[in-house]
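Data first, discussion second: the structure below is written as structure tokens.
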Amino acid sequence: MKDRIKLDLMDLMIIPGLSGHEDRVRRDLRGRLGAIGVESRSDRLGNLVAHFPGDGPRVMLFTHMDQLGFIVRKIEADGRIRLERLGGVPERALAAQEVLICVGKDMDVSGLISNKSHHATT
Numbered sequence: 053m054k055d056r057i058k059l060d061l062m063d064l065m066i067i068p069g070l071s072g073h074e075d076r077v078r079r080d081l082r083g084r085l086g087a088i089g090v091e092s093r094s095d096r097l098g099n100l101v102a103h104f105p106g107d108g109p110r111v112m113l114f115t116h117m118d119q120l121g122f123i124v125r126k127i128e129a130d131g132r133i134r135l136e137r138l139g140g141v142p143e144r145a146l147a148a149q150e151v152l153i154c155v156g157k158d159m160d161v162s163g164l165i166s167n168k169s170h171h172a173t174t
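So the sequence shown is numbered by my numbering: it starts at 53 and just counts up by one.
Below you can see the structure in the form of structure tokens.
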């Protein structure tokens, strides 16, 4: 059971879900719930609500679906993309990091973060 939960969490963590754009995560969770016969609904704020019937004590599980990321601000003529951080992404950890750019509904492009050398920024 522990291994299954770990695998499910790993699968969920790789689904793109920036703040305000959690649709893919929500859709995946609804599918998982539906597959085990649990009905769910989304409220007007985008929260996913499910009810597991039973006779035991009531338990509420509340967690977030969003993640840190970036917003594309400009695409340069040479193909480089200028990004703006969304959330508390640590700038020092960005160089050479792989990114997934969501360009439309379920359309993604892989990329790599590059920075100017600090020698060239003085």
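Glycine included, each C-beta is placed from N, C-alpha and C at the ideal position.
Counting only runs of 3 or more residues that sit fully inside the segment 53-112, the beta strand (DSSP E) segments are 92-94, 100-102, in chain order. Residue 147 and residue 83 have their C-alpha atoms some 35 angstroms from each other.
Rounded to whole angstroms, the gap between the alpha carbons of residue 154 and residue 107 is 43 angstroms. Per the Cβ contact rule, the segment 130-138 is not in contact with the segment 91-110 (fewer than 3 Cβ pairs under 8 angstroms).
Using a Cβ distance threshold of 8 angstroms, residue 143 and residue 162 do not count as a contacting pair. In this structure, DSSP gives residue 143 a helical state, which the three-state scheme calls helix. Looking from the CA of residue 124, the closest CA among 165, 118, 56 belongs to 165.
Using a 10 angstroms sphere on the CB of residue 77, the tally of other CB atoms reaches 16 or more, which defines it as buried. Nearest C-alpha to residue 113 among 72, 74, 99: 99.
Take residue 72, set aside five residues on each side of it, and the residues of its chain with a beta-carbon closer than 8 angstroms to its own are 118, in chain order.
Listed as beta-bridge partners of residue 149 by DSSP are no residues whatsoever.
The three-state reading of DSSP puts residue 117 in coil, since its state is none of H, G, I, E or B.
Setting aside the 5 residues that flank it on each side, residue 141 is surrounded in the same chain by 120, each with a C-beta closer than 6 angstroms to its C-beta; the list follows chain order.
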